[in-house]
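Asks:
Residue numbers (our numbering): 31 to 81.
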């Protein structure tokens, strides 16, 4: 789960926000800790079009 969370963070750093959101959501489902805030921020960014 934590490896998935790290992969999601790396995707976000590369600007792959949709992929990052999907990976972090999967990481959360598998028990990763501390991804809630990142998921909310990514979802908000995607909804508003912010980068």
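All C-beta atoms, glycine included, are put in the ideal place defined by N, C-alpha and C.
Note that this is a predicted model, so its numbers are computed, not measured.
In the DSSP assignment, find the unbroken alpha helix (DSSP H) run with residue 70 in it and report its ends.
Replies: Within the chain shown, numbered from 1, the residue matching residue 70 stands at position 40. Run containing residue 70: 66-78, per the alpha helix (DSSP H) assignment.
Asks: Under three-state DSSP, which class holds residue 58?
Replies: Position 28 of the chain shown, counted from the start, is the residue given in the question as residue 58. In this structure, residue 58 counts as helix in the three-state DSSP scheme.
Asks: Does the beta-carbon distance from residue 62 to residue 31 come in below 7 Å?
Replies: Here the question's residue 62 lines up with position 32 in the chain shown. Here the question's residue 31 lines up with position 1 in the chain shown. Taking 7 Å as the Cβ cut-off, residue 62 and residue 31 qualify as a contacting pair.
Asks: Closest by CA to residue 77, which one among 37, 48, 38 and 34?
Replies: The count along the chain shown starts at 1 and reaches residue 77 at position 47. The shortest Cα separation from residue 77 among 37, 48, 38 and 34 belongs to 48.
Asks: May I ask which residues mark the beginning and end of the alpha helix (DSSP H) holding residue 31?
Replies: The sequence position of residue 31 within the chain shown is 1, counting from 1. No alpha helix (DSSP H) contains residue 31, which DSSP labels as neither H nor E.
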